[in-house]
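Q:
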Amino acid sequence: MMRQFELVERVKSYDPSADEDAINRAYVFAMKMHGSQLRASGDPYFSHPIEVAGILTKYRLDSASIITALLHDTIEDTPATLDDIERLFGREIGRLVDGVTKLNRIELQSDHAKQAENLRKLVLAMSEDIRVLLVKLADRMHNMRTLHYIKNPDKRRRIAMETMEIYAPLAERIGMQGIKMELEDLAFGELHPDARTSIVARLSFLREQGGDLIGRILEELRKILGEAGIAATVSGREKTPYSIWQKMQRKNVGFEQLSDIMAFRVAVNGIEDCYRALGVIHSKYPMVPNRFKDYISTPKPNGYRSLHTGVFGPERHRIEVQIRTTEMHEVAELGVAAHWKYKQDGGNLTDGRQYRWLRELLDILEHASNPEEFLEHTKLEMFSDQVFCFTPKGDLISLPRGACPVDFAYAVHSQVGDTCVGAKVNGRIMPLRTQLQNGDQVDIITSKAQTPNPTWERFVVTGKARARVRRYIRTQQRAQYTELGRAILVRAFRQESYDFTEKAVDGVLRIFKAPTVDDLLAMVGEGTLTAREVVSSIFPELKASRPDNVVALKMRGKSSSDKKDKGSAVPIKGLIPGMAMHFAGCCHPLPGDRIVGIVATGKGVTIHTIDCENLEQVVDQPERWLDLAWDDSDSNAHVGRIDLVVTNEPGAFGAISTVIAKNMGNITNLKITNRTTDFFEMIIDIEVRDVKHLTNVIAALRATPVINSVDRARN
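In terms of my numbering, the sequence shown opens at residue 370 and continues consecutively.
1) For Leu984, which residues of its own chain have a beta-carbon under 8 Å away from its beta-carbon, when the five flanking residues on both sides are left out?
2) Quick one: Cα of Pro1074 to Cα of Asp642, how far?
3) Under three-state DSSP, which class holds Cys955?
4) Roughly how many whole angstroms lie between the Cα atoms of Met924 and His951?
5) If you run the structure through DSSP and keep just helix, strand and coil, what is Asn1038?
6) Could you check whether Asp1054 and Asn1077 sit closer than 8 Å to each other, using their CB atoms as the reference points?
7) Tell me the rounded alpha-carbon separation between Ile535 and Asp1080.
8) Contact between the region 791-798 and the region 817-824 is defined here as three or more beta-carbon pairs at a separation below 8 Å; is this criterion met?
9) Look at Met513 and Leu555 and say whether their C-beta atoms are less than 8 Å apart.
10) Between the C-alpha atoms of Met463 and Asp452, what's the straight-line distance to the nearest angstrom?
11) Cβ of Leu801 within 8 Å of Cβ of Cys773?
12) Buried or exposed for Gly894, going by 16 or more other Cβ atoms inside 10 Å?
13) Buried or exposed for Asp776, going by 16 or more other Cβ atoms inside 10 Å?
14) By the three-class DSSP mapping on this structure, what secondary structure does Phe743 have?
15) Is it buried or exposed, Ile454, if we count other Cβ atoms within 10 angstroms and call 16 or more buried?
16) Please report the residue range of the beta strand (DSSP E) in which Leu768 lies.
17) Classify Leu439 as buried or exposed, calling it buried when 16 or more other Cβ atoms lie within 10 Å of its own Cβ.
18) Taking the alpha-carbon positions, what's the Asp498 to Leu465 distance?
19) Taking the CB atoms as reference points, tell me whether Thr1046 and Asn1017 lie closer together than 8 Å.
20) Start and end of the alpha helix (DSSP H) containing Trp994?
21) Just to confirm, is the Cβ distance from Ala778 to Lys833 under 8 Å?
22) Measure the C-alpha to C-alpha separation of Val988 and Glu982 and round it to an integer number of angstroms.
23) For the candidate residues Pro418, Leu430, Leu425, whose alpha-carbon lies nearest to that of Ile444?
24) Report the rounded CA-to-CA distance for Lys505 versus Ala409, giving the unit in angstroms.
25) With a threshold of 16 other CB atoms inside 10 Å of the CB of Ile880, please say whether the residue is buried or exposed.
26) Within its chain, find whatever has a CB closer than 6 Å to the CB of Tyr963; leave out the 5 residues flanking it on each side and keep chain order.
27) Quick one: grab the DSSP three-state call for Cys643.
28) Would you grab the beta carbon distance between Ala998 and Lys942 for me? Rounded to a whole angstrom, and I think it's under 8 Å.
29) Return the chain-ordered list of same chain residues with a C-beta closer than 7 Å to the C-beta of Thr815, the five sequence neighbours on each side being excluded.
30) Hey, how far is the Cα of Ala737 from the Cα of Ile842?
31) Across which residues does DSSP place Cys789 in a beta bridge pair?
32) Going by alpha carbons, who is nearest to Lys381 out of Ala433, Gln810, Arg1058, His957?
33) Leaving out the 5 sequence neighbours to the left and right, which residues in its chain are closer than 6 Å to Val1057 when beta-carbon positions are compared?
34) Kindly indicate which three-state DSSP category Gln804 falls into: helix, strand or coil?
35) I'd like to know whether the C-beta atoms of Glu553 and Ala537 end up nearer to each other than 8 Å.
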């Protein structure tokens, strides 16, 4: 455990003006408050805030952040109060400690609605003072390092999932690349221990076979740069097991097929030397096609600047080389801490261009209709790779990969997005659904008469664009659903020989938790409430005279869940009451997929995923389309289909079935589509809960040695 004087010396080494007295007082106060408390590891609890403070010193944070780290658990876990903190250390420290304490109470891996609401609180907290998030990230890093001491496996998995989905992406967004990589790898070890163990073992084997390969490559890189007269510091490392696994998943390849598992960094004195070093390396080693990225001329949104290239380096090994100045390297290593902006404005970073994403999250928070929608858009914003485009005036706009001109328009301004009618990309008129590429110049054409088009939701990808379009759709659809609900109820009343009146409906609003008559009519119109339920509540005698005829939507197919319970309903929002439905066999929709219904006369509704290729056949028949959604209460098993290429060897089928069963899947059908001496190609139908469950099964299968490739089957 770090001693008091060691912590002070660390801080003073990079910040001579640090408040030494306050750090000493905070150290002693926290030590006394935590007293004899113990961690799950059996260590004194006080060792935790000391480690958190130590992590922050590596990122050269100010003394207020270090003091906050020392005190961050005192309000929650000791007799200390916020008043005590403010009285002893001042209002700034009190505000920071209170902010971290509130974040400690947030459970992001709770039920969906609570998780979403808590994420809103997290975004608001870090927008007020980014140091709150920095302390929380250091806190999470130390907790992940000691996660194995927690005996409850479900709790470990919850913490690891929360780390992977929320905290690692946030660390990347604020440029804390080292924290992001460590958090990901620690969480990976908990979520996929077998896959990580396998990758670590294979890396160890390669080291034994190749000797000090990294050392030899470093020596050669230093030599060629020195001969060119370029003063450079060169370092190298193996990529982390998680980043290797990610690439295996993304490219659908095995470990043996990966070639660039080593990365090298070249730090030089100036920008001109960056491009000189790049030229020297490219003249010496063949460049890997499509692997060059210039983040110096077009920095990442978090301020990261560097040249990235892939080459066939010494001994013909494929390597990644990152070239940057020492100043850029400091920003890459320290992230937001390198800017020291919080010294000037109290930690509020929403004004800087590199933190535009945070302003956009706040904008999404304002326009999202509910916490769940905010959660969906926030995760999308945090996880996306970026493309960099330009306005006609040369302003840089960063967008998630796959973004289109409508996303670009909303990134410029909400009003520009709402009134967008067309776009010129590099001087040519292009469809609004065109995917933008790095370096595109985009000129948005607007019209005051234009309003958001509901079809945009099918192809926009940014959270801001989706939130704005959905908000408009909700406003328009509410009026349509209200009128449809009124027509349905009028007909239902007439069938029972009653006249429809709003006064009669007003009497049952409380039963259905509808604030107004229009709200209840809209619920009937969108299918979340049946006319029969309303009529039966108004006229109770109808319940006794005949059974409720609410239509249950049955799952059709040959899954074993059908045989067990043929009466189980498939809750789908937006389906027209009374209409038969079935799931399309081409795309096998699962809960979590964006779905639409296609109406066929005499056949009912066929449910497809929104990206199903067969929808192209009816794209010119909008009257047949129904906008549908899964109900979160659906607990049925659903059939997902996967394509596999499997090594033809004894035990292969057993290995596959074991992995699927271990991940709580159930094989309902298996078909071999092709067989050679070396491989089987097959299709397997698996019962799963939803898309996330199927994704986990596929991830586990990809880590299985006998499987060469596995993907979800489409069309």
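By construction, the Cβ of each residue, glycine as well, lies at the ideal position given by its N, Cα and C atoms. This structure is a prediction, so every number in the text was calculated from the model and none was measured.
A: On the basis of the supplied data:
1) Val965, Ile967, His977
2) 44 Å
3) coil
4) Low per-residue confidence applies at Met924: pLDDT is 30, beneath 50, and the placement is therefore not dependable, though the value from the model is reported in the following sentence. Taking the straight line from one Cα to the other gives about 7 Å.
5) strand
6) no
7) 26 Å
8) no
9) yes
10) With the sequence shown as reference, residue 463 is identified as Gly, and Met is not the correct amino acid for it. Distance between the alpha carbons of Gly463 and Asp452 is about 8 Å.
11) yes
12) buried
13) buried
14) Low per-residue confidence applies at Phe743: pLDDT is 47, beneath 50, and the placement is therefore not dependable, though the value from the model is reported in the following sentence. Here Phe743 sits in helix by DSSP.
15) buried
16) 765-769
17) buried
18) 8 Å
19) yes
20) It is not in any alpha helix (DSSP H) - Trp994 instead sits in the beta strand (DSSP E) that spans 994-996.
21) no
22) 10 Å
23) Pro418
24) 19 Å
25) exposed
26) According to the sequence shown, residue 963 is Arg rather than Tyr. Correct list, in chain order: Ile979.
27) helix
28) 4 Å
29) Val785, Thr788, Cys789, Val790
30) Any answer about Ala737 is weak, because its pLDDT of 49 lies below 50 and its placement is not dependable; what the coordinates show is given next. Between Ala737 and Ile842, the C-alpha separation is close to 12 Å.
31) Thr815
32) Ala433
33) Gly1009, Gly1034, Leu1063
34) coil
35) yes
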